[in-house]
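What follows is one structure encoded as structure tokens, with my remarks underneath.
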Amino acid sequence: MNLMYKFPDLAFCLGEYRLQEARFGLLVHLKRHFPDLRNRKVLVFFDGKKELLSDCYSEEWEGFSIHYSHEKKADELIIGYLNFCEVPSQCLVVTSDKEILSFARRLRAKRKSSEEFYAEWVKRETEVDETEFNHLKEGLTPSSESDYWERQFLP
Numbered sequence: 401m402n403l404m405y406k407f408p409d410l411a412f413c414l415g416e417y418r419l420q421e422a423r424f425g426l427l428v429h430l431k432r433h434f435p436d437l438r439n440r441k442v443l444v445f446f447d448g449k450k451e452l453l454s455d456c457y458s459e460e461w462e463g464f465s466i467h468y469s470h471e472k473k474a475d476e477l478i479i480g481y482l483n484f485c486e487v488p489s490q491c492l493v494v495t496s497d498k499e500i501l502s503f504a505r506r507l508r509a510k511r512k513s514s515e516e517f518y519a520e521w522v523k524r525e526t527e528v529d530e531t532e533f534n535h536l537k538e539g540l541t542p543s544s545e546s547d548y549w550e551r552q553f554l555p
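Per the working numbering: the sequence shown = residues 401 to 555.
And the structure:
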């Protein structure tokens, strides 16, 4: 949840009680950040159930492993995963929860606060956008300028 609140569009969805939309939006943002999942595994932990009456605890989406905590806190699932991970030092934990960051540090897992991750995400997205725009200006891509702007503002 603390990562979703860093993205203004997702925070807006959460403020409007559109949890499913915010969750999907986070997955889309993560997919753009981790486009190549061949050599890595990305696990995403959500508080609560997938949907009100859902029995789904885990699912796969576009190469991501998604886990729902149901009656537990997602923090418990994250700590449990780190406890059973064979090589925690190969894990990157993204959260702003001090307890989880401290636990990850004790296991020597890599850590990044939600704020740091979001700042890195914005920087990367800005670089990608500038590169696309420069290619458009230089005529190096077959896309039209309207296609570029549609990708910026339309889902």
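Each residue gets a CB set at the ideal place from its N, CA and C atoms; glycine is no exception.
Outcome for residue i when other beta-carbon atoms lying within 10 angstroms are tallied against a minimum of 16
i	result
L410	buried
L453	exposed
F446	buried
T526	exposed
K406	buried
R423	buried
L430	buried
Close Cβ partners of residue i (< 6 Å) along its chain, the five nearest in sequence each way excluded
i	result
F434	V442
L501	R511
W521	H433
Close Cβ partners of residue i (< 7 Å) along its chain, the five nearest in sequence each way excluded
i	result
A504	L482, V493 and R511
A474	F445, F446 and D447
L477	F445, H467 and S469
Proximity of residue i and residue j at Cβ, strictly below 9 Å
i	j	result
F412	V444	no
S489	S513	no
Contact set for residue i: own chain, Cβ-Cβ below 8 Å, skip 5 residues either direction
i	result
L427	V444, W461, E462, F464 and I466
Y518	L403, K406 and F407
Margin query: I'd like the ranges of any alpha helix (DSSP H) spanning at least 4 consecutive residues and lying wholly in the stretch 481-533.
Written below: 498-506
Item checked: Complete runs of the alpha helix (DSSP H) confined to the stretch 406-467 [at least 4 residues] -> 408-415 and 419-433
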